[in-house]
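In the numbering used here, the protein residues as written are 3 to 190.
Printed below as a string of structure tokens:
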């Protein structure tokens, strides 16, 4: 690893299938930070098939040699992206309207803390933290608790028979949305 603790490999120190230990664990953590998926084992320190696939996906995304081996080319690119990710994100323009709303929705669903939204709004969030948040939010299982801000509308929808009370935080399709609108009388 380098001085910043980012996984690194030299010609003599390739990380590849079958390797294990703290360097592999750091590589896995770095891959997840930049958005690669390791859903089954996560950062377990074992360079298995899941890690090979995550490395291949990363290599493919950045037009590197796709071999599943974390050599100098791969780890240098990973370091470059992580270093860039340490730049502070400024909540302005479209990014604020899109990413800020995305974070607020995740906080309303109980996936992240409200303080995380505030960190972003205050311009204190790094890009790498934002990438990690997206990975966390996208992998979260929808909860069954309704945020306080949505509770009155949820209860009214149940009373009116629009929703049955199950799966309050799962997304709905456009067809399901049309059904809800019809049931509420919005089309009449």
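C-beta: ideal position from N, C-alpha, C; glycine also.
State the DSSP-derived secondary structure class of residue i, mapped to helix, strand or coil.
{"i": "residue 45", "result": "coil"}
{"i": "residue 97", "result": "Interpretation of residue 97 is limited by its pLDDT of 42, a score under 50 that renders its predicted location unreliable; the figure taken from the coordinates is listed afterwards. Correct three-state label for residue 97: helix."}
{"i": "residue 189", "result": "coil"}
{"i": "residue 81", "result": "helix"}
{"i": "residue 38", "result": "coil"}
{"i": "residue 165", "result": "coil"}
{"i": "residue 148", "result": "coil"}
{"i": "residue 113", "result": "coil"}
{"i": "residue 7", "result": "Low per-residue confidence applies at residue 7: pLDDT is 45, beneath 50, and the placement is therefore not dependable, though the value from the model is reported in the following sentence. Three-state DSSP puts residue 7 in coil, outside helix and strand."}
Which residue comes first and which comes last in the alpha helix (DSSP H) that contains residue i?
{"i": "residue 64", "result": "Element bounds for residue 64: n/a, residue is neither H nor E."}
{"i": "residue 176", "result": "176-186"}
{"i": "residue 27", "result": "24-35"}
{"i": "residue 119", "result": "116-123"}
{"i": "residue 170", "result": "Residue 170 -> no alpha helix (DSSP H), and no H or E assigned at all."}
{"i": "residue 158", "result": "153-161"}
{"i": "residue 106", "result": "103-110"}
Leaving aside the five residues before and after residue i along the sequence, list all residues of the same chain whose C-beta is less than 7 Å from its C-beta, in chain order.
{"i": "residue 67", "result": "61 and 75"}
{"i": "residue 183", "result": "189"}
{"i": "residue 152", "result": "110"}
Which residues in the same chain as residue i place their Cβ atom closer than 6 Å to its Cβ, once the five residues preceding and following it in sequence are excluded?
{"i": "residue 167", "result": "160"}
{"i": "residue 149", "result": "110"}
{"i": "residue 197", "result": "A question about residue 197 goes unanswered here, because the residues of the chain that appear run from 3 up to 190."}
{"i": "residue 139", "result": "108 and 113"}
{"i": "residue 7", "result": "Confidence at residue 7 is low in this model, with a pLDDT of 45, below 50, so its placement is unreliable and no value can be given for it."}
{"i": "residue 97", "result": "With a pLDDT of 42 at residue 97, under the threshold of 50, the modelled position of this residue cannot be trusted; read the value that follows with caution. Excluding residues within five positions, none has a Cβ falling inside 6 Å."}
{"i": "residue 70", "result": "54, 57 and 58"}
{"i": "residue 116", "result": "109"}
Kindly identify the DSSP beta-bridge partner or partners of residue i.
{"i": "residue 17", "result": "72"}
Which same chain residues end up closer than 8 Å to residue i when comparing Cβ atoms and leaving out the 5 residues on each side of it in sequence?
{"i": "residue 37", "result": "133, 136 and 137"}
{"i": "residue 174", "result": "182"}
{"i": "residue 46", "result": "27 and 30"}
{"i": "residue 59", "result": "38 and 39"}
{"i": "residue 102", "result": "93, 119, 122 and 123"}
{"i": "residue 95", "result": "In this predicted model, residue 95 has a pLDDT of only 41, less than 50, meaning its place in the structure is not dependable; the value taken from the coordinates is given anyway. Excluding positions up to five away in sequence, the list is empty."}
{"i": "residue 33", "result": "40, 53, 56, 57, 60 and 80"}
{"i": "residue 162", "result": "185 and 186"}
Looking at residue i and the ligand NAD, is the gap between the Cβ and the nearest heavy atom below 7 Å?
{"i": "residue 170", "result": "Summarising the ligand content, the structure contains no ligands, and the ligand NAD is consequently not present."}
Legend entry - Three-pair Cβ contact test at 8 Å for the region 129-143 versus the region 151-165: no
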